[in-house]
Amino acid sequence: MRYCYLFLLAWLSGSAFAQNPLLLKTVSSTPLEPGSDALNSMNPWNGKVFYGGKGASNQSILAVTDGTAAGTVVVTDLGDVGGVDGVYPARDFVYLTTMKSTIVSFPPLVVTYTRRLWRSDGTAAGTVLLKEFAPTGSILQTGTYYSDALASVNLSISGNTIYFAGSDATNGSELWKSDGTAAGTVLVKDINPGTADSNPSGFCQVGNTVCFFATDGPNAYQLWKTDGTAGGTAILTRINPTAQSIAEFAAGRYRGKMYFWANDGTSGSEVWYTDGTAAGTGLLKETVAGNNAFTGTGGMRTDLMFIQDDRYLYFPVERSKYVWRTDGTAAGTV
C-alpha cells in the first residue's frame, strides 16, 4: 500500500507535536537564547538537551536544559567559534561541532570555514576541544564548496567512539574517528590517496561494523565498512561490478540493518540493505520495474531520507510521488 508523502510527514509532525507547548524559561536576549533553530543541533543525553547559546561579542555559549527553569543553565563559554551546529550523544558524554565562517575577500566573495570537534559531559571542566580543522576556503559565487572541515551531518557513534568525515591539507576529505580525547582523534585511513577526497558519508552502525559510502578514485562511490582500523577499512561489496554503486548519499538504520539507495545496473536506483557483510547485502525490492528508477547521483537530498517508527521504515519512490513502507522483507515492502 502506498501513501502520499506529504500526508506521512504531516502525520509524523502531528504525532510529535500533539501536546501543547509549555514555556520553561524566558531566555531571549540572554546567553541562554539558542543561537540556532536547527533541530540537528539539539539532541538529548543523560536526560538533558544541549544547545548553542548567544554569548556577548560574538562569543558562543554551550547551554543545557533538563526541561525545568532551574535546570536551564550555561555550561561554559566556548569562545569565538561561530556557534554550535551539532550535538551528538555518546555513551559517557556528548560530541559537539562548531563552525565559524570568515570573509576573506570581496569581490570575488571568498569565505573560509573553521570547524571544531568538542566533547562535553555537561560541566565547564569536562568541555574540551578535541580537534580544529583548519580552513582552506570557498568561493561562494561559483557554488563550489572547498573546506578542510568536519562534515557533522555524516557521522556514526559506537559507544564513545565517533566516526566522521574530516579533512586536512595533506589527505583531503577522509575517514576519521575520535574516542573523546585529543590524542584519540585521528585519521583512520586515507581511502583516496594523497590530497584527493574519498568524501565518506552515510555512516551507519551495524553490529560491530560501521558502514558508509566512499570513493577510492578508480572504483567511484561504493559501500565500505570499517572496524576503526586502516586494515579493517575496505569495500564491503560491489553492488555494481562495472560502475558506481551508490545512487544517493542517504542511509537509514532499521532493525539492525542499514538501508540505502544503490544501482546494480539492472534494477535502477532502488533501496538496498546490509547487515555489515557481503552475504547479508541485497536488494530489498524492485519498486519501479526496469532500470528507470527516479534517483541519480547527488548529495544529501532531504526527499530521499528514510523515516521510521516502531513498526516500519518509510521511504519515497518515483520522485517522492509515493511513500512506501517496509518491515525489512520483500513481501512486507508495499
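Start counting the sequence shown at 137; every next residue gets the next number (our numbering). We put the CB at the ideal spot given by N, CA and C, even for glycine.
Item                                                                                               : Value
For G222, the residue or residues it bridges with in DSSP                                          : T233
Neighbourhood of A389 by C-beta, 6 Å cutoff - its chain only, sequence neighbours within 5 removed : Reading the sequence as shown, one finds Arg at residue 389 and not Ala. Excluding positions up to five away in sequence, the list reads C340.
As assigned by DSSP and simplified to three states, the class of E169                              : coil
Distance between A206 and L264 (C-alpha atoms, nearest Å)                                          : The sequence given here places Val at residue 264; Leu does not occur at that position. About 25 Å.
Three CB pairs or more closer than 8 Å across the segment 242 to 249 and the segment 200 to 216    : no
Beta-carbon proximity list for G320, same chain, < 7 Å, skipping 5 on both sides                   : S314
Unbroken beta strand (DSSP E) run spanning E268, endpoints                                         : 264 to 269
Status (buried if at least 16 other CB within 10 Å, exposed otherwise) for R251                    : buried
DSSP three-state assignment for Q444, whether helix, strand or coil                                : strand
Of the listed residues T373, A318, A415, G412, nearest to D400 (C-alpha basis)                     : T373
Where F242 falls, given that 16 or more other Cβ within 10 Å makes a residue buried                : exposed
Coil, strand or helix - L419 by DSSP                                                               : strand
Expected contact under 8 Å - CB spacing of G183 and A226 to nearest Å                              : Going by Cβ atoms, the distance from G183 to A226 rounds to 15 Å, so no, they are not a contact pair.
Cross-strand partners of L323 (DSSP beta bridge)                                                   : W312
G207 - DSSP class collapsed to helix/strand/coil                                                   : coil
Pairwise C-alpha distance: P170 and Y224                                                           : 17 Å
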